[in-house]
Amino acid sequence: MVMISKGNVSDLTFFRGRVALYAILKAMGIGKGDEVAMQAFTCLAVPEAILSVGACPIYVDIAPRGFNIDPADLAKKITPRMKAIIVQHTYGIPAEMDTLCLLASNKGIPIIEDCCHTLVGTYNARELGSFGVASFYSFEWGKPLVAGIGGSAIINDPYLIKKVKSGYSGYRMPDLITRLKIEFQYFAFGILYNPSNYWILKDAFHKLSSLGILKSNYNIINRERIPEDFYYVMSNCVKKRLISGLNSVEAFEKHSKYVAEKYREKIISPIFVHPNPVVNSRIVYARYPLLTKNKNVILAKARKANVEISDWYFSPVHPLKIDECSIVDYIVGSCPNAEQRSQEVITLPTNSRVREKDIDRIVNLLNGYKHEASI
Ligand SMILES: *Cc1c(COP(=O)(O)O)cnc(C)c1O
Numbered sequence: 067m068v069m070i071s072k073g074n075v076s077d078l079t080f081f082r083g084r085v086a087l088y089a090i091l092k093a094m095g096i097g098k099g100d101e102v103a104m105q106a107f108t109c110l111a112v113p114e115a116i117l118s119v120g121a122c123p124i125y126v127d128i129a130p131r132g133f134n135i136d137p138a139d140l141a142k143k144i145t146p147r148m149k150a151i152i153v154q155h156t157y158g159i160p161a162e163m164d165t166l167c168l169l170a171s172n173k174g175i176p177i178i179e180d181c182c183h184t185l186v187g188t189y190n191a192r193e194l195g196s197f198g199v200a201s202f203y204s205f206e207w208g209k210p211l212v213a214g215i216g217g218s219a220i221i222n223d224p225y226l227i228k229k230v231k232s233g234y235s236g237y238r239m240p241d242l243i244t245r246l247k248i249e250f251q252y253f254a255f256g257i258l259y260n261p262s263n264y265w266i267l268k269d270a271f272h273k274l275s276s277l278g279i280l281k282s283n284y285n286i287i288n289r290e291r292i293p294e295d296f297y298y299v300m301s302n303c304v305k306k307r308l309i310s311g312l313n314s315v316e317a318f319e320k321h322s323k324y325v326a327e328k329y330r331e332k333i334i335s336p337i338f339v340h341p342n343p344v345v346n347s348r349i350v351y352a353r354y355p356l357l358t359k360n361k362n363v364i365l366a367k368a369r370k371a372n373v374e375i376s377d378w379y380f381s382p383v384h385p386l387k388i389d390e391c392s393i394v395d396y397i398v399g400s401c402p403n404a405e406q407r408s409q410e411v412i413t414l415p416t417n418s419r420v421r422e423k424d425i426d427r428i429v430n431l432l433n434g435y436k437h438e439a440s441i
């Protein structure tokens, strides 16, 4: 099989992943009156970018099994106004690109790949990020490669690349305070993070970002005013770290695979459903997802025991609560699989800080739960 190589992920850098998406949408000429398809079971950053160009997000359900867009539901939602389809490879698991590419090309609608959870995954021996007209990436905390706050775009279409590049000079460096916050956050994270203090750090981050001391992951949605973020490129310090971080992608991949295999082998409690393998694909998990009917109880136990098990996504548009999703035009009940999956999913860390003892603590907590439940 021919390996299609996508461009360099450090060439076209932006302040965040969503800003890269925004730049792609703008270069495609997408704006008012246009529709952009995206999956429910994602993060707020995606509809934020769509709304920021003035277009409407069309929420497509995820497949009855799995975490990625359902081609059948997408087919039902396509209209003549749909100008792009965003395909997300959730947790690093490749979406069904064969079916999706066929559907999209039949309808003449370009695909943009959301590669924020995957740098080096493949589908049918072809690199994720090389299927669509463009793909975008994120390098903040929780992503495969952490460089601070930042994102980038890879453009596969020769016409589109000219458009993106000509718009690029309109973006500027983030202001000094923002850059300092990012540097502070990056170094504090580097010193403090390991899986056994995940909950403490997460709580502290939320507290400090709600006070404006740290740069939050999410903006308040205001349709009258585009957030400052959308005017910025990636800062130089972040870019340097991104470029040097790209040298250790192989090590990350190896470690992530090792950790995921351990989870698959050791978590044997029948109350958890492991992710399905995808044939002829290389999956590098950004996080390892499990499904369970006991999500909330397990998260409470994990918090109490200082074990890193996370809740994302806990709604179709994380971190909005289900009844807040209408802020970004999501209609409750419109994507039942996404709603159900967000009630059932827990995710386990696979990053380079995860040591054998962290794997054991996670495994013991999860396997231990079975005994209690069966008493
Ligand atoms: C993180 C993330 C984004 C956005 O990245 P930012 O850099 O925070 O803008 C988009 N899509 C998915 C699936 C993500 O996980």
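What the sequence shown shows, in my numbering, is residues 67 to 441, in sequence order.
Even for Gly, the Cβ is constructed at its ideal location relative to N, Cα and C.
Report whether the distance from the Cβ of leucine 87 to the nearest heavy atom of ligand 1 is below 8 Å.
For leucine 87, the shortest C-beta to heavy atom distance toward ligand 1 is below 8 Å.
If we count the other Cβ atoms within 10 Å of its Cβ and call it buried at 16 or more, is lysine 273 buried or exposed?
Lysine 273 is exposed by the Cβ-count criterion.
Taking its Cβ as the centre, do 16 or more other Cβ atoms sit within 10 Å of asparagine 283, making it buried, or is it exposed?
Buried, since its Cβ has 16 or more Cβ neighbours within 10 Å.
Out of curiosity, what's the CA-to-CA distance linking proline 113 and valine 394?
Proline 113 and valine 394: Cα-Cα distance of roughly 7 Å.
Can you name, in chain order, every residue of its own chain whose Cβ lies under 7 Å from the Cβ of phenylalanine 380, other than the five neighbours on each side?
Close CB contacts of phenylalanine 380 within its chain, under the 7 Å cut and outside five residues either way in sequence, are with Ser408 (chain order).
Do isoleucine 116 and leucine 78 have their beta-carbon atoms positioned less than 9 Å apart in this structure?
Not closer than 9 Å, so no.
Pick out the complete alpha helix (DSSP H) segments inside the segment 266-334, 4 residues or longer, and give them in chain order.
The segment 266-334 contains, as complete alpha helix (DSSP H) runs of 4+ residues, the segments 302-311, 315-332 (chain order).
Give, in chain order, every unbroken run of the alpha helix (DSSP H) that is at least 4 residues long and sits entirely within the segment 118-202.
As for any alpha helix (DSSP H) of minimum length 4 sitting wholly inside the segment 118-202, the runs are 137-143, 163-173, ordered along the chain.
Do you know how far the Cα of leucine 168 is from the Cα of glutamate 17?
Outside the shown range of the chain, which is 67 to 441, sits residue 17, and nothing can be said about it.
Would you mind working out which of Arg147, Glu316, Leu357 sits nearest isoleucine 334, comparing C-alpha positions?
Nearest to isoleucine 334 by C-alpha distance, out of Arg147, Glu316, Leu357, is Leu357.
Could you say if the segment 312-323 and the segment 244-262 meet the contact criterion of at least three C-beta pairs nearer than 8 Å?
Touching, no, given that fewer than three Cβ pairs across the two stretches are closer than 8 Å.
At least three beta-carbon pairs within less than 8 Å, the segment 180-189 to the segment 146-157
When Cβ pairs closer than 8 Å are counted between the two stretches, the segment 180-189 is seen to touch the segment 146-157, the count reaching three or more.
May I have the straight-line CA-CA distance separating phenylalanine 107 from glutamate 405, to the nearest angstrom?
Taking the straight line joining both Cα atoms gives about 8 Å.
When burial is assigned at 16 or more other CB atoms within 10 Å of the CB, is arginine 22 buried or exposed?
It is not possible to answer for residue 22, since the shown part of the chain is limited to 67 through 441.
Determine the contact status of valine 420 and proline 293, defining contact as a CB-CB distance below 9 Å.
Against a cut-off of 9 Å, the Cβ pair of proline 293 and valine 420 comes out as no contact.
Verify the contact flag: glutamate 331, CB atom, against every heavy atom of ligand 1, threshold strictly below 8 Å.
Incorrect: glutamate 331 has no Cβ contact closer than 8 Å to ligand 1.
If you measure from the CB of cysteine 182, is any heavy atom of ligand 1 nearer than 8 Å?
Ligand 1 has a heavy atom closer than 8 Å to the beta-carbon of cysteine 182.
For valine 350 and aspartate 424, the rounded distance between their alpha carbons:
Spanning the two alpha carbons is a distance of roughly 19 Å.
Nonlocal neighbours in the same chain, by C-beta distance under 6 Å from tryptophan 378, ignoring five residues either side
Once the five neighbours on either side are set aside, the close Cβ partners of tryptophan 378 are His384.
Which residues in the same chain have their Cβ closer than 7 Å to the Cβ of leucine 431, if we skip the five residues on either side of it in sequence?
Excluding positions up to five away in sequence, the list reads Lys367, Ala368, Ala371, Val373.
Based on the DSSP output, what are the partners of proline 415 in its beta bridges?
According to DSSP, which records beta bridges pairwise, proline 415 is partnered with Arg353.
Does any C-beta atom of chain D lie closer than 9 Å to the C-beta of tyrosine 351?
Any reference to chain D falls outside this structure, which holds one protein chain only.
Three-state class that DSSP yields for leucine 242 in the structure shown:
If DSSP states are grouped into helix, strand and coil, leucine 242 belongs with the helices.
Among residues of its own chain, excluding the 5 on either side of arginine 147, which ones have a beta-carbon nearer than 7 Å to its beta-carbon?
Excluding positions up to five away in sequence, the list reads Gly99, Asp100, Glu101.
Specify, as a first and last residue, the run of the alpha helix (DSSP H) that isoleucine 227 falls within.
224-234 is the span of the alpha helix (DSSP H), which, as asked, contains isoleucine 227.
When DSSP builds the beta bridges, which residues end up paired with valine 102?
Beta-bridge pairing links valine 102 to Pro123, Ala150.
With burial defined as no fewer than 16 other Cβ atoms inside 10 Å of the residue's Cβ, what is the status of asparagine 263: buried or exposed?
So asparagine 263 counts as exposed.
Candidates Lys387, Asp426, Ser376, Arg82: closest to valine 212 by CA position:
Valine 212 has its Cα closest to that of Arg82, out of Lys387, Asp426, Ser376, Arg82.
So aspartate 223 packs on valine 199, CB below 8 Å; how close in whole Å?
A Cβ-Cβ distance of about 4 Å is found for the pair aspartate 223 and valine 199, placing them in contact under the 8 Å criterion.
CA nearest to the CA of glycine 120, picked from Pro415, Arg291, Gly158
If we check each option's Cα against that of glycine 120, Arg291 comes out closest.
Using beta-carbon positions only, say whether glycine 216 and methionine 300 come within less than 9 Å of one another.
Cβ atoms of glycine 216 and methionine 300: closer than 9 Å.
Integer-rounded CB distance, given that threonine 244 should sit under 8 Å from lysine 444
With the chain covering only 67 through 441, there is no way to say anything about residue 444.
Leaving aside the five residues before and after asparagine 447 along the sequence, list all residues of the same chain whose C-beta is less than 6 Å from its C-beta, in chain order.
Within the shown structure, residues of the chain are numbered from 67 to 441, placing residue 447 beyond reach of any answer.
Residue range of the alpha helix (DSSP H) that serine 408 falls in?
Segment 402-410, the alpha helix (DSSP H) holding serine 408.
Beta carbon of glutamate 410: closer than 8 Å to some heavy atom of ligand 1?
Every heavy atom of ligand 1 is 8 Å or more from the Cβ of glutamate 410, so no.
With alanine 213 as the anchor, note down where its alpha helix (DSSP H) starts and where it stops.
That residue, alanine 213, is in no alpha helix (DSSP H); it is neither H nor E in DSSP.
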